[in-house]
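Chemist: This is the structure, below, for whatever I ask next.
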Amino acid sequence: MTQAELRQFVLAYKEVNPCVDCGKHLAYWFMEFDHVRGKKLFNLGSVGFGQQNVRPEHGGFKRLTLELVQTEIAKCELVCIWCSKVRLRGDKATPLTSKVRWLVS
Ligand SMILES: [Zn+2]
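Residue numbers (the working numbering): -3 to 101.
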């Protein structure tokens, strides 16, 4: 598989599978991999974009293969960008203080 085909695989995976948190099927650019287990060897978002090698600290400079990409995906949960923000910051809004709000009132 070429690096471009590997990228197509990653994007197709994002569109075929739903967000594990809200169950929505969305276009690939709304979907993110949340790394939840094991060591991250490379960034799935960079597949096919030049940064095609495993991080140097994990052996490095190994050409990515479908097997490596699938192994990396298995360490992640697929979530939409909304649920990704909720995971990152919690679902409770943290309003700006009145000290800041006067700037736009
Ligand atoms: Zn979601």
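Glycine included, every Cβ here is placed at the ideal spot set by N, Cα and C.
I think V16 touches V65, with their Cβ atoms under 8 Å apart; what is that distance to the nearest whole Å?
Modeler: About 19 Å separates the two Cβ atoms, so there is no contact after all.
Chemist: From the beta carbon of R3, is the nearest beta carbon of chain C less than 8 Å away?
Modeler: The structure shown contains no chain C, having only a single protein chain.
Chemist: Is the Cβ-Cβ distance between L37 and M(-3) less than 8 Å?
Modeler: No, the Cβ-Cβ distance between L37 and M(-3) is not below 8 Å.
Chemist: Consult DSSP for C72 and reduce its assignment to one of helix, strand or coil.
Modeler: Three-state result, C72: strand.
Chemist: Check each candidate in D87, R83, W78, K95 and name the one with the smallest Cα separation from H31.
Modeler: Here the closest residue by C-alpha is R83.
Chemist: Pull up the CB-CB distance for F26 and I69, whole angstroms please, since I reckon it's below 8 Å.
Modeler: Their Cβ separation, rounded to whole angstroms, is 17 Å, which puts F26 and I69 out of contact at 8 Å.
Chemist: Taking 7 Å as the limit between beta carbons, can you name the residues of its chain near N13, skipping five residues before and five after?
Modeler: Cβ neighbours of N13 beyond the five flanking positions: L74.
Chemist: Does the distance from the CB of G41 to the CB of Q(-1) come in under 8 Å?
Modeler: Taking 8 Å as the Cβ cut-off, G41 and Q(-1) do not qualify as a contacting pair.
Chemist: Given a cut-off of 8 Å, decide if S80 and E1 are closer than it, judged by their beta-carbon atoms.
Modeler: Going by C-beta atoms, E1 is not nearer than 8 Å to S80.
Chemist: Given a threshold of 16 other Cβ atoms within 10 Å of its Cβ, counted over all protein chains shown, does L99 qualify as buried or as exposed?
Modeler: Result: exposed.
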